[in-house]
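Below is one structure, written out as structure tokens; comments come after it.
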Amino acid sequence: RAKVVHLSRLSRVAVCGGTHGNELSGVYLVRELQKTEKPLEEEDELVSVLVVLSNPRAVQQCRRYTETDLNRCFTHATLNGPESDKTPYEITRSRELNSLLGPKGSPEAVDLICDLHNTTANMGLCLIAYSDHDWICLHIFRYLQANIPVRYIHFDFPPKEAYSLESVGKHGFAIEIGPQPHGVVRSNIYTTMKAGVQHVMDWVRFFNSGTIFEGGSVEVYTMVKNIDYPRDSETHSITAAIHPQLQDQDFCLLHPNDPLFQTFSGETLRYKGKEPLYPFFINECAYYEKGIALSLARRKCVKMPPIQVKTELEHQENEWEFASEEDE
Amino acid sequence: MEHVSLPALSRVAICGGTHGNELSGVWIVREMQKQQVEKVGSISITTVMSNPRAVEACKRYMETDLNRCFTDAILSAPVTDVTPYEVRRAHELNAQLGPKGSQEAMDLVCDLHNTTANMGLCVIFTTFNWISLHIYKYLKSVCVVPEFVSELFLLFSTAFEVGPQPNGVVRADIYNLMKEALDHLVDWVQEFNSGITFEGGEVEAYVFEKSIDYPRDPDTNELTAIIHPQLQDKDFILLKPGDPIFLSFSGETVKYEGKELYPFFVNECAYYEKHIAFHLAQKTILTIPSVSVEND
């Protein structure tokens, strides 16, 4: 029987919405959570929750961003770069968020960040994370799966290069739900996101109170590559749209020679890769400018050990370790 | 049965990008310009990118909604240095395609739009005109087309509205549907010009009656509720008193009060700022005469 892995309590959790100002489920959910936020005296013994509107200016204008994409500003390089009056709003903001929720990579960082997003792609509910062996993220995923249909997407980036908001916390993931047009709030999508966040918080409370979560295995989609639209060599404009047979088919295996694009003059262009892969972020509005028509992933099984929160003694031993490390 | 003779439709304009982020029309116009489509049989075709700056920025508009700038008041006021870009553009388009109400105006203008609402393909026009109604009747026989009369001020005699499609996204199925409708429109015009008589009869139209806004916080003006899941995507399905229309963020249902009407533009992205959650229309049966082209 696998040995139980003991992990630190998740004392501080941040729920962030409006990282992209036009992804409205998160914006409205954060607003709603801020309204019902308990006053400090009543605060949960088990966990303290920060509710954050990440990009208020973009939210106000109902745009993805004002100068640059906030959710690409959390690499170590960007967070620690020089400051001037020319620094774009979103970079200033990423540094503020890093102070509030981080600093990234330090012991002061919040334990868990849950960043709320929408996509125009037909992806349903997804957790997106940088690790395929962060047991907290994977156990949360498995718990969610028992309650709602959900998938786990893994972007294989080392922490320093991880560019999005959730990489600031000790653990973190994005909750991505689609399809929803940007600037629109759909009731079913909002309800799903609200339920998802509730389940995450329930899991955190169970975990902190000592529950053992059994080991097991889960399916994970690991991002392999992106495919751009075909473009005009001079103007760089797209010359085709996602093919009707691929549109909305996120996570349906794409085989070599399957239709990928339909040109505006009606021609079909096919997938030239050799390996069948799982497509996602198919026809995401914000990715036209990033040169991504769709992303492709491999699917694999990941085994997770049983986990339980560390005892008080184990937490204290940890603190002594930190202290003595600092002395050295 | 009444019969009407009308002048030939020899000059047709097709406009896309009136809203810069409604992409089917943008790409249809770009493709037509790439293929240098200028003449189809008896018809001379002018393709226009209505709001190029908004198209470039992939925004609905830069300063003000172009599609609200075609009133007589706005078009007759002089252009100055402080005139917003879209008003300037409206003047330019009016000169190029009109002037509105004059002899030099295009015979038919078709303006291409998308909506985030689940409206399928719609033909929209501002006044009852037999050409648009016959085009609609013809389209109905070849694809599924609900229709309504709008009280919006449009320069253009006919608009195609196709949804659902998110702003800033081009879906191949929506593009194909719009393109097919446009091809049928051109076919119809050619047949009309060639002397064919189109039989009259009855057509169904949805006539705009009123709009309903979202419930809002009186201080912040923010939405306190969103389109109810039972209304979402139910454009053109009869709404009865007592039917749910909104679901508040705290979980309460708001029910519709009023006479039985047909909702459309349900949850259109661009209408949040216009304080419209959905429009309501009466279904009307219109009787149209048969039409044929005038003999010179």
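Respectively, the protein sequence lines represent chains A and B. Residues in the first sequence are numbered consecutively from 1, following UniProt numbering. Residues in the second sequence are numbered consecutively from 1, following UniProt numbering. Ideal placement from N, C-alpha and C gives every residue a C-beta, glycine not left out.
Among 185/B, 289/B, 168/B, 92/B, the one whose alpha carbon lies nearest that of residue 238/A: 168/B
Rounded distance between the beta-carbons of residue 17/A and residue 54/A, thought under 8 Å: 7 Å
Residue 202/B vs residue 74/B beta-carbon contact at 9 Å: no
Bounding residues of the beta strand (DSSP E) (the contiguous stretch that carries residue 257/B): Careful: residue 257/B lies outside any beta strand (DSSP E) and carries neither H nor E.
Residue span of the alpha helix (DSSP H) that contains residue 30/A, given as start and end: 24-35
Within-9 Å CB hit, residue 269/B to chain A: yes
Through-space distance from residue 15/A to residue 30/A, alpha-carbon basis: 7 Å
Cβ-based neighbour list, residue 50/B, same chain, cut-off 8 Å, excluding 5 preceding and 5 following: 15, 16, 17, 18, 66, 89, 93, 111
Closer than 9 Å at the beta carbon, the chain A residues around residue 252/B: Those within 9 Å of residue 252/B in chain A number zero; the least Cβ separation is about 12 Å.
Reference residue 245/B, options 251/B, 231/B, 264/B, 58/B, closest by Cα: 231/B
Beta carbon of residue 120/A nearer than 9 Å to that of residue 301/A: no
Short CB-CB distance (under 9 Å) between residue 65/A and chain B: no
Closest residue to residue 253/B among 69/A, 187/A, 106/A, 4/A (Cα-Cα distance): 187/A
Residue environment, residue 143/B, which counts as buried when at least 16 other CB atoms sit within 10 Å: exposed
Spatial neighbours of residue 196/A in its chain, beta-carbon cut-off 8 Å, leaving aside the 5 residues before and after: 125, 144, 148, 150, 175, 177
Distance cut-off 8 Å: residue 70/A Cβ against heavy atoms of the ligand FAD: Of the ligands one can find in the structure shown there are none, so the ligand FAD has no counterpart to examine.
Contact between the region 250-263 of chain A and the region 184-193 of chain B (3+ Cβ pairs under 8 Å): no
Interface positions of the region 106-124 of chain B facing chain A (Cβ-Cβ less than 8 Å), listed along the chain: 116
Below-9 Å beta-carbon distance, residue 53/B vs any chain A residue: no
Proximal chain B residues relative to residue 188/A, where beta-carbon distance stays under 8 Å: 229, 232
Chain-ordered residues of the region 215-238 of chain A with a beta carbon less than 7 Å from chain B: none
Status (buried if at least 16 other CB within 10 Å, exposed otherwise) for residue 151/B: For residue 151/B, the predicted structure reports a pLDDT of 44, less than 50, and the residue's modelled location is therefore unreliable. A value from the coordinates is still provided. Classification of residue 151/B: exposed, given that the 10 Å Cβ count is below 16.
Same chain, Cβ closer than 6 Å to residue 298/A, five either side skipped, listed in chain order: 222, 224
Short CB-CB distance (under 9 Å) between residue 168/B and chain A: yes
Cβ pair residue 265/B, residue 117/B closer than 9 Å: yes
Proximal chain B residues relative to residue 78/A, where beta-carbon distance stays under 7 Å: By Cβ distance, chain B contributes nothing, its closest Cβ being about 25 Å from residue 78/A, past 7 Å.
Three-way DSSP call (helix, strand, coil) for residue 17/B in this model: coil
Alpha carbon of residue 78/B to alpha carbon of residue 98/B, nearest angstrom: 17 Å
Inter-residue CB distance, residue 233/B and residue 276/B (contact presumed, cutoff 8 Å): No, residue 233/B and residue 276/B are not in contact; Cβ-Cβ is about 17 Å, not under 8 Å.
Buried/exposed call for residue 221/B, threshold 16 Cβ in 10 Å: exposed
Contact set for residue 61/B: own chain, Cβ-Cβ below 8 Å, skip 5 residues either direction: 19, 20, 51, 54, 86
Residue 272/A versus residue 258/A - alpha carbon distance: 8 Å
Residue 133/A, DSSP secondary structure in three states: coil
Three-state class that DSSP yields for residue 149/A in the structure shown: coil
Closest Cα partner of residue 274/A within the set 114/A, 307/A, 296/A, 123/A: 296/A
Residues, ordered as in the chain, of the region 183-209 of chain B that lie near chain A by beta-carbon distance below 7 Å: none
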